[in-house]
Amino acid sequence: MFDGYKRFNIQNATFTLPFSLSLIRPYWPHLWRLLVPVSYEWDWDLGHQRLTVPLAYECDGASIPFVFYNVVDPITAIIGAFLHDMLYETQCGVRPLAGNPLLAAYGDPVLWTDDGRGRADALLFNFWLASGMSHAMAMKGYIGVRIGGEKPWEDEEMVPIPVKYEALVGDRVPS
10 MFDGYKRFNI QNATFTLPFS LSLIRPYWPH LWRLLVPVSY EWDWDLGHQR
60 LTVPLAYECD GASIPFVFYN VVDPITAIIG AFLHDMLYET QCGVRPLAGN
110 PLLAAYGDPV LWTDDGRGRA DALLFNFWLA SGMSHAMAMK GYIGVRIGGE
160 KPWEDEEMVP IPVKYEALVG DRVPS
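See the structure below:
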(Lines of atoms letter the chains of each structure in order from A and count residues from 1; the text may use other names and numbers.)
(Lines give C-alpha, C1' and ligand atoms only; values in the text may rest on other atoms or scores of the structure.)
Protein backbone atom coordinates (compact mmCIF):
# COMPACT_ATOMS: atom_id res chain seq x y z
CA MET A 1 0.00 0.00 0.00
CA PHE A 2 2.77 2.46 0.83
CA ASP A 3 5.18 1.75 -2.02
CA GLY A 4 2.60 2.13 -4.80
CA TYR A 5 4.32 5.30 -5.98
CA LYS A 6 7.05 3.04 -7.41
CA ARG A 7 4.59 1.00 -9.51
CA PHE A 8 4.11 3.62 -12.20
CA ASN A 9 7.81 4.36 -12.75
CA ILE A 10 7.34 8.15 -12.64
CA GLN A 11 10.36 10.13 -13.84
CA ASN A 12 11.25 13.64 -14.99
CA ALA A 13 8.47 15.39 -13.03
CA THR A 14 8.53 19.11 -13.84
CA PHE A 15 6.15 22.04 -13.55
CA THR A 16 6.03 25.53 -15.01
CA LEU A 17 7.13 28.62 -13.14
CA PRO A 18 6.20 31.12 -11.92
CA PHE A 19 3.87 29.34 -9.55
CA SER A 20 1.67 32.25 -8.57
CA LEU A 21 -1.24 31.88 -6.19
CA SER A 22 -3.34 33.83 -3.75
CA LEU A 23 -4.58 32.82 -0.32
CA ILE A 24 -8.36 33.20 -0.45
CA ARG A 25 -9.21 31.72 2.98
CA PRO A 26 -6.46 32.29 5.57
CA TYR A 27 -7.83 29.91 8.19
CA TRP A 28 -7.87 26.11 8.10
CA PRO A 29 -8.88 24.53 5.84
CA HIS A 30 -7.11 27.07 3.68
CA LEU A 31 -8.23 27.95 0.18
CA TRP A 32 -5.71 28.91 -2.50
CA ARG A 33 -6.33 30.22 -6.06
CA LEU A 34 -3.93 29.89 -8.99
CA LEU A 35 -3.16 33.24 -10.60
CA VAL A 36 -1.52 31.61 -13.64
CA PRO A 37 -2.07 28.21 -15.28
CA VAL A 38 0.49 25.60 -14.20
CA SER A 39 1.59 22.78 -16.51
CA TYR A 40 2.86 19.55 -15.03
CA GLU A 41 4.88 17.09 -17.13
CA TRP A 42 6.27 13.65 -16.39
CA ASP A 43 7.15 10.30 -17.91
CA TRP A 44 5.74 7.03 -16.62
CA ASP A 45 4.47 3.61 -17.69
CA LEU A 46 1.84 5.31 -19.90
CA GLY A 47 4.45 7.43 -21.69
CA HIS A 48 4.97 11.19 -21.56
CA GLN A 49 2.11 13.16 -19.96
CA ARG A 50 1.32 16.84 -19.64
CA LEU A 51 -1.61 18.30 -17.71
CA THR A 52 -2.35 21.93 -17.05
CA VAL A 53 -4.18 23.12 -13.96
CA PRO A 54 -6.10 26.16 -15.22
CA LEU A 55 -6.02 29.77 -14.16
CA ALA A 56 -8.29 30.44 -11.16
CA TYR A 57 -8.40 26.80 -10.06
CA GLU A 58 -8.88 26.69 -6.29
CA CYS A 59 -7.79 24.05 -3.81
CA ASP A 60 -7.18 23.72 -0.10
CA GLY A 61 -3.51 22.95 -0.51
CA ALA A 62 -2.39 19.61 0.84
CA SER A 63 -5.29 19.31 3.37
CA ILE A 64 -2.80 18.90 6.18
CA PRO A 65 -4.35 19.41 9.62
CA PHE A 66 -2.53 22.04 11.67
CA VAL A 67 -1.25 19.50 14.20
CA PHE A 68 0.72 17.77 11.40
CA TYR A 69 2.44 20.89 9.98
CA ASN A 70 5.68 19.71 11.61
CA VAL A 71 5.37 16.40 9.70
CA VAL A 72 4.57 17.77 6.21
CA ASP A 73 5.20 21.43 5.41
CA PRO A 74 2.00 22.76 3.78
CA ILE A 75 3.84 25.46 1.82
CA THR A 76 6.31 23.04 0.23
CA ALA A 77 3.39 20.68 -0.42
CA ILE A 78 1.26 23.18 -2.32
CA ILE A 79 2.79 22.73 -5.79
CA GLY A 80 1.91 19.05 -5.90
CA ALA A 81 -1.43 19.69 -4.20
CA PHE A 82 -2.94 21.65 -7.10
CA LEU A 83 -2.44 18.79 -9.58
CA HIS A 84 -3.49 16.21 -6.99
CA ASP A 85 -6.69 18.08 -6.10
CA MET A 86 -7.62 18.44 -9.78
CA LEU A 87 -7.03 14.71 -10.32
CA TYR A 88 -9.11 13.84 -7.25
CA GLU A 89 -11.89 16.23 -8.28
CA THR A 90 -12.11 14.62 -11.72
CA GLN A 91 -11.16 11.12 -10.52
CA CYS A 92 -8.42 11.27 -13.18
CA GLY A 93 -10.84 12.18 -15.95
CA VAL A 94 -13.81 10.00 -14.99
CA ARG A 95 -15.89 13.06 -14.13
CA PRO A 96 -15.59 16.59 -15.54
CA LEU A 97 -13.86 19.47 -13.84
CA ALA A 98 -17.24 21.00 -13.02
CA GLY A 99 -17.82 24.70 -12.85
CA ASN A 100 -14.68 25.62 -14.74
CA PRO A 101 -15.33 27.40 -18.05
CA LEU A 102 -11.57 27.53 -18.66
CA LEU A 103 -11.18 23.77 -18.95
CA ALA A 104 -11.84 23.79 -22.71
CA ALA A 105 -8.68 25.85 -23.20
CA TYR A 106 -6.53 23.21 -21.53
CA GLY A 107 -8.20 19.92 -22.43
CA ASP A 108 -9.65 17.22 -20.22
CA PRO A 109 -7.42 15.14 -17.98
CA VAL A 110 -6.45 11.82 -19.46
CA LEU A 111 -8.72 8.99 -18.41
CA TRP A 112 -6.68 6.61 -16.27
CA THR A 113 -8.98 3.77 -15.42
CA ASP A 114 -6.36 1.52 -13.85
CA ASP A 115 -5.99 2.69 -10.23
CA GLY A 116 -6.60 6.38 -10.82
CA ARG A 117 -6.32 7.22 -7.13
CA GLY A 118 -3.03 5.33 -6.87
CA ARG A 119 -1.72 7.24 -9.89
CA ALA A 120 -2.85 10.60 -8.47
CA ASP A 121 -1.18 9.85 -5.13
CA ALA A 122 2.04 8.69 -6.84
CA LEU A 123 2.11 11.92 -8.85
CA LEU A 124 1.65 13.93 -5.65
CA PHE A 125 4.65 12.18 -4.11
CA ASN A 126 6.81 12.79 -7.19
CA PHE A 127 5.82 16.44 -7.58
CA TRP A 128 6.54 17.00 -3.90
CA LEU A 129 10.06 15.73 -4.56
CA ALA A 130 10.32 17.89 -7.71
CA SER A 131 9.33 20.97 -5.69
CA GLY A 132 12.16 20.39 -3.21
CA MET A 133 10.44 18.46 -0.42
CA SER A 134 12.70 15.95 1.31
CA HIS A 135 12.13 12.28 0.57
CA ALA A 136 11.32 11.59 4.24
CA MET A 137 8.70 14.35 4.39
CA ALA A 138 7.19 13.32 1.04
CA MET A 139 6.96 9.73 2.22
CA LYS A 140 5.13 10.77 5.41
CA GLY A 141 2.70 12.83 3.34
CA TYR A 142 2.24 10.00 0.87
CA ILE A 143 1.41 7.57 3.66
CA GLY A 144 -1.06 10.10 5.05
CA VAL A 145 -2.84 10.54 1.72
CA ARG A 146 -2.99 6.78 1.16
CA ILE A 147 -4.55 6.31 4.60
CA GLY A 148 -6.88 9.31 4.53
CA GLY A 149 -7.52 9.92 0.84
CA GLU A 150 -10.32 7.48 0.07
CA LYS A 151 -13.16 9.71 1.30
CA PRO A 152 -11.91 12.79 -0.61
CA TRP A 153 -11.43 10.61 -3.71
CA GLU A 154 -15.07 9.56 -3.55
CA ASP A 155 -16.34 13.01 -2.53
CA GLU A 156 -18.35 14.76 -5.21
CA GLU A 157 -18.55 17.96 -3.18
CA MET A 158 -15.04 19.06 -4.16
CA VAL A 159 -16.57 20.88 -7.14
CA PRO A 160 -15.73 24.59 -7.22
CA ILE A 161 -18.47 27.19 -7.56
CA PRO A 162 -18.70 28.35 -11.23
CA VAL A 163 -19.27 31.98 -10.27
CA LYS A 164 -15.80 32.32 -8.75
CA TYR A 165 -14.19 31.73 -12.16
CA GLU A 166 -16.43 34.22 -13.90
CA ALA A 167 -15.73 36.81 -11.22
CA LEU A 168 -11.98 36.37 -11.61
CA VAL A 169 -11.63 36.16 -15.39
CA GLY A 170 -14.77 37.95 -16.64
CA ASP A 171 -14.75 38.26 -20.42
CA ARG A 172 -11.34 36.55 -20.70
CA VAL A 173 -12.94 33.11 -20.60
CA PRO A 174 -11.75 31.34 -23.79
CA SER A 175 -14.43 30.23 -26.23
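Number 161 in this note's numbering belongs to position 152 of the sequence shown; there are no gaps in the numbering.
Beta carbons are placed, not taken as given, at the ideal position from N, Cα and C, and that holds for glycine.
Bear in mind that the values here come from a model prediction, so they are computed numbers and not experimental data.
Would you kindly check if the distance between the Cβ of residue j and the Cβ of residue i is under 8 Å?
{"i": "Val-80", "j": "Ala-71", "result": "no"}
{"i": "Leu-30", "j": "Leu-40", "result": "no"}
{"i": "Thr-23", "j": "Glu-67", "result": "no"}
{"i": "Pro-38", "j": "Asp-69", "result": "yes"}
{"i": "Val-45", "j": "Leu-32", "result": "no"}
{"i": "Ser-140", "j": "Ile-88", "result": "yes"}
{"i": "Trp-137", "j": "Gly-150", "result": "yes"}
{"i": "Gly-13", "j": "Gly-127", "result": "yes"}
{"i": "Val-62", "j": "Leu-92", "result": "yes"}
What residues match up with residue i in a beta bridge as DSSP calls it?
{"i": "Gly-56", "result": "Trp-53"}
{"i": "Trp-41", "result": "Leu-32 and Cys-68"}
{"i": "Thr-61", "result": "Ser-48"}
{"i": "Phe-24", "result": "Tyr-49"}
Using the beta-carbon count (16 or more within 10 Å), is residue i buried or exposed?
{"i": "Lys-21", "result": "Just to set this straight, residue 21 is Asn in the shown sequence, not Lys. Looking at its Cβ environment, which holds fewer than 16 other Cβ atoms inside 10 Å, Asn-21 is exposed."}
{"i": "Asn-18", "result": "exposed"}
{"i": "Arg-104", "result": "exposed"}
{"i": "Val-76", "result": "exposed"}
**Meets three-Cβ-pair contact criterion under 8 Å: the region 92-99 and the region 141-150** = Touching, no, given that fewer than three Cβ pairs across the two stretches are closer than 8 Å.
**Asked** Counting pairs of Cβ atoms below 8 Å between the region 56-73 and the region 122-131, do you hit three or more?
**Response** With a cut-off of 8 Å, the region 122-131 and the region 56-73 do not count as touching, because too few Cβ pairs lie within range.
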